Amino acid sequence: MDRCFLELQVEGEEAYQTFQRVIENANVIMATYEDSLLGDVQVYPEKGTVAFSAGLHGWAFTLTNFAKMYASKFGVDEAKMMERLWGENFFDPATKKWTNKSTGSPTCKRGFVQFCYEPIKQIILTCMNDQKDKLWPMLQKLGVVMKAEEKDLMGPFDDMYANAIWNCDPEGPLMLYVSKMIPASDKGRFFAFGRVFAGNVATGMKVRIMGPNYVPGQKKDLYVKSVQRTVIWMGKKQESVEDVPYGNTVAMVGLDQFITKNATLTNEKEVDAHPLRAMKFSVSPVVHVAVQCKVASDLPKLVEGLKRLAKSDPMVVCAIEESGEHIIAGAGKLHLEICLKDLQEDFMGGTEIIQSDPVVSFRETVLEKSCRTVLSKSPNKHNRLYMEARPMEEGLAEAIDEGRIGPRDDPKNRAKTLLEAFGWDKDLAKKIWCFGPETTGALAEENMRAICFEVCDVVLHADAIHRGGGQIIPTTRRVIYAAQLTAKPRLLEPVYLVEIQAPEQALGGIYGVLNQKRGHVFEELQRPGTPLYNIKAYLPVIESFGFSNPLENGTQAAQLVADIRKRKGLKEQMTPLSEYKDKL
Numbered sequence: 026m027d028r029c030f031l032e033l034q035v036e037g038e039e040a041y042q043t044f045q046r047v048i049e050n051a052n053v054i055m056a057t058y059e060d061s062l063l064g065d066v067q068v069y070p071e072k073g074t075v076a077f078s079a080g081l082h083g084w085a086f087t088l089t090n091f092a093k094m095y096a097s098k099f100g101v102d103e104a105k106m107m108e109r110l111w112g113e114n115f116f117d118p119a120t121k122k123w124t125n126k127s128t129g130s131p132t133c134k135r136g137f138v139q140f141c142y143e144p145i146k147q148i149i150l151t152c153m154n155d156q157k158d159k160l161w162p163m164l165q166k167l168g169v170v171m172k173a174e175e176k177d178l179m180g181p182f183d184d185m186y187a188n189a190i191w192n193c194d195p196e197g198p199l200m201l202y203v204s205k206m207i208p209a210s211d212k213g214r215f216f217a218f219g220r221v222f223a224g225n226v227a228t229g230m231k232v233r234i235m236g237p238n239y240v241p242g243q244k245k246d247l248y249v250k251s252v253q254r255t256v257i258w259m260g261k262k263q264e265s266v267e268d269v270p271y272g273n274t275v276a277m278v279g280l281d282q283f284i285t286k287n288a289t290l291t292n293e294k295e296v297d298a299h300p301l302r303a304m305k306f307s308v309s310p311v312v313h314v315a316v317q318c319k320v321a322s323d324l325p326k327l328v329e330g331l332k333r334l335a336k337s338d339p340m341v342v343c344a345i346e347e348s349g350e351h352i353i354a355g356a357g358k359l360h361l362e363i364c365l366k367d368l369q370e371d372f373m374g375g376t377e378i379i380q381s382d383p384v385v386s387f388r389e390t391v392l393e394k395s396c397r398t399v400l401s402k403s404p405n406k407h408n409r410l411y412m413e414a415r416p417m418e419e420g421l422a423e424a425i426d427e428g429r430i431g432p433r434d435d436p437k438n439r440a441k442t443l444l445e446a447f448g449w450d451k452d453l454a455k456k457i458w459c460f461g462p463e464t465t466g467a468l469a470e471e472n473m474r475a476i477c478f479e480v481c482d483v484v485l486h487a488d489a490i491h492r493g494g495g496q497i498i499p500t501t502r503r504v505i506y507a508a509q510l511t512a513k514p515r516l517l518e519p520v521y522l523v524e525i526q527a528p529e530q531a532l533g534g535i536y537g538v539l540n541q542k543r544g545h546v547f548e549e550l551q552r553p554g555t556p557l558y559n560i561k562a563y564l565p566v567i568e569s570f571g572f573s574n575p576l577e578n579g580t581q582a583a584q585l586v587a588d589i590r591k592r593k594g595l596k597e598q599m600t601p602l603s604e605y606k607d608k609l
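Quick note on numbering: the sequence shown equals residues 26 to 609 in the numbering used here.
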């Protein structure tokens with residue numbers, strides 16, 4: 026139901042008709058499997074056997090819930106109320122009468138719409154518009170009790186904790202952010218390294234550990250433990266100290282079992298404190314390798330080693346693919362080499378591992394609008410989808426990534442932003458069905474990015490059995506691929522911003538190597554008072570492997586696509602467009 030409220034903005038009567046069709050279609054299918062032993066297997070909302078749910082927010086209700094609430098409020102029979110909340114039953118608040126058909130009055134609405142759909146819609150819209158002064162009285166009337174912590178998404182910027190951080194208050198409550206876990210000489214143990222923003226941290230002190238998944242008012246990802254030892258790093262050496270005041274960095278012993286990558290620490294009694302926001306890195310883990318044990322019996326060591334590696338480096342991403350491969354993703358080849366060395370020598374005790382060649386994550390996009398509208402037919406030939414693809418306007422994909430435009434935004438505000446900032450047509454901006462999917466494209470089954478697919482026309486079979494998911498989903502996939510291939514598809518590759526310092530006589534060689542690596546120099550400045558030059562250039566990540574070796578051969582885009590397809594076990598030749606589109 027959340028899509029009805031947030032994305033589609035469906036009115037109550039239209040939503041009711043949609044729900045009724047879905048229930049009727051389900052009953053038709055279930056009726057075909059009817060058996061005398063099972064009895065009546067069909068479902069009826071007025072009997073409480075249909076649940077209306079919102080997968081996004083995780084709630085659901087049956088008409089029984091509303092019937093009980095209204096029966097106690099108005100003093101009517103619950104069974105009668107149940108019957109009136111579904112079907113051809115209309116209520117007019119002006120006359121306070123029920124009728125079997127609409128009187129035409131704007132206040133006369135169907136029972137389900139009047140008493141179920143619109144109250145929920147009103148609460149959701151009030152939340153979306155941040156109208157807290159209206160929301161709290163509504164919840165109070167419904168008997169919904171919320172704790173103070175549940176009412177705020179972010180902590181206040183004027184409470185004692187924020188002020189203590191702002192003023193670096195030595196007498197204020199402890200506010201410490203742990204940003205990194207550093208491996209200790211003891212096998213499997215880590216120092217929790219961070220900065221003290223307010224107060225003091227001391228050896229033996231009890232602290233509240235708030236992890237990245239901690240929610241104020243709940244106990245998830247929350248621990249109270251003692252700091253066994255406080256340490257200051259002096260280069261390679263560590264010096265144990267009694268306490269560390271605000272403004273300094275500190276390493277703590279005894280907290281590593283309760284912190285994965287980052288956490289916020291406060292005094293044990295400071296139960297109202299909010300955690301500090303996690304760091305956002307300027308680079309993404311775009312290079313990854315697959316690792317496996319040389320001896321299969323060492324797999325538990327590998328799994329445990331990957332957990333420790335993920336804990337020790339906040340940027341590393343360790344994951345398991347659908348194929349069962351263990352993947353390590355990092356910022357570059359050098360970063361991955363360091364991670365693999367740490368994994369094998371420090372976290373796995375020298376156990377031998379096998380690694381694949383470094384792989385770069387690409388994205389697929391398009392350059393122009395589709396040269397023609399493409400058509401795909403469903404396997405049973407009863408359904409047709411017509412679609413076009415075009416590139417998104419410059420800056421729109423970044424705005425979606427940053428959350429400035431998203432599926433949960435108010436459609437009117439979103440349409441206004443798209444109209445003013447990106448020049449979208451006003452009507453088109455209101456008709457966005459969804460954001461995504463962004464998974465595999467037609468070129469090399471890499472993730473797609475910055476593509477807008479426009480559904481031009483849809484022809485569906487009248488019978489629901491002939492237009493189910495098994496018919497529509499593969500057809501949609503084919504028409505999306507066809508639309509992409511008719512819009513000048515291209516690969517997007519990640520690039521590094523490279524900064525090089527060198528004397529003037531070395532510039533020629535640097536430019537030659539960068540040109541071989543498909544690099545692009547965009548700035549060259551001499552450092553004042555020195556013979557050195559600062560060169561800034563963009564360098565493709567895939568070409569950065571062996572960047573220090575100018576003899577390595579470059580690659581072309583077509584070869585890239587072929588290499589990616591070969592690595593994934595696909596045919597090196599791309600699937601032709603004719604496989605995806607159909608003729609009328």
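A virtual CB, placed ideally from N, CA and C, is assigned to each residue, including glycine.
It should be emphasised that the depicted structure is a prediction, and the values quoted were computed from it without experimental measurement.
Nonlocal neighbours in the same chain, by C-beta distance under 6 Å from residue i, ignoring five residues either side
i: S78; result: A85
i: E329; result: none
i: P575; result: Unreliable placement is indicated for P575, whose pLDDT of 43 sits below 50; the coordinate value is still reported in the next sentence. The residues are V538.
i: N292; result: P198 and L199
Close Cβ partners of residue i (< 8 Å) along its chain, the five nearest in sequence each way excluded
i: V314; result: I352, I353, L361, L365, Q380, S381, D382, P383 and V384
i: V226; result: L199, L201, V232, V252, T255, D268, V269, V275, M277 and L290
i: Q45; result: none
i: V75; result: I48, V68, Y69, T87 and L88
i: M163; result: Q147, I148 and T151
Run of the alpha helix (DSSP H) containing residue i, from where it starts to where it stops
i: L88; result: L88 to F99
i: H360; result: K358 to D367
i: T600; result: Run containing T600: none; DSSP gives neither H nor E here.
i: W161; result: K157 to L167
i: N188; result: M185 to N192
i: S251; result: First-last for S251: L247 to S251, but that is the beta strand (DSSP E), not the alpha helix (DSSP H).
7 Å Cβ cutoff met for residue i and residue j
i: P208; j: F218; result: no
i: Q42; j: N52; result: no
i: K513; j: V316; result: no
i: T511; j: C343; result: no
i: Q526; j: L557; result: yes
i: D341; j: L334; result: The sequence shown places Val at residue 341, not Asp. Yes, the pair counts as a contact, with Cβ atoms nearer than the cut-off.
i: C477; j: R415; result: yes
i: Y271; j: V221; result: yes
i: G136; j: N114; result: yes
i: E108; j: E71; result: yes
i: P519; j: V483; result: no
Residue range of the unbroken beta strand (DSSP E) whose run includes residue i
i: I682; result: No information on residue 682 is available, as it lies outside the stretch 26 to 609 that the chain covers here.
i: F218; result: F215 to A223
i: N292; result: A288 to N292
i: G355; result: H351 to G355
i: V266; result: K262 to V266
i: M107; result: Looking at the DSSP string, M107 is not in any beta strand (DSSP E); the run it does join, the alpha helix (DSSP H), is E103 to R109.
DSSP beta-bridge partners of residue i
i: V399; result: M412
i: W84; result: A79
i: N238; result: Bridge partners of N238: none, in fact.
i: Q317; result: I379
i: Q282; result: Answer is none; Q282 lacks a bridge partner.
i: L517; result: R388
i: D60; result: G64
i: V206; result: This sequence places Met at residue 206; Val is not what is there. M206 is bridged to A217.
Span separating the alpha-carbon of residue i from that of residue j
i: P300; j: D452; result: 42 Å
i: E604; j: R503; result: 8 Å
i: E577; j: E568; result: For E577, the pLDDT reaches just 37, beneath the cut-off of 50, and the residue's location in the model is therefore unreliable, although a value from the coordinates is still provided. Cα to Cα, E577 sits roughly 9 Å from E568.
i: A446; j: A187; result: 34 Å
i: I363; j: N50; result: 57 Å
i: A40; j: E32; result: 13 Å
i: K157; j: L167; result: 15 Å
i: V138; j: A507; result: 41 Å
i: P404; j: Q509; result: 21 Å
i: M6; j: M230; result: Outside the displayed span of the chain (26 to 609) sits residue 6, for which this structure offers no information.
i: L359; j: K326; result: 24 Å
i: K561; j: E548; result: 5 Å
i: Q598; j: D281; result: 50 Å
Beta-carbon contacts of residue i that lie in its chain and below 7 Å, excluding the five residues immediately before and after
i: Y239; result: K245, D246, L247 and P300
i: D607; result: L400, S401 and K402
i: K591; result: E597
Neighbour flag for residue i against chain B, beta carbons, 7 Å
i: L453; result: Of the chains in the structure shown, none is chain B; there is only one protein chain.
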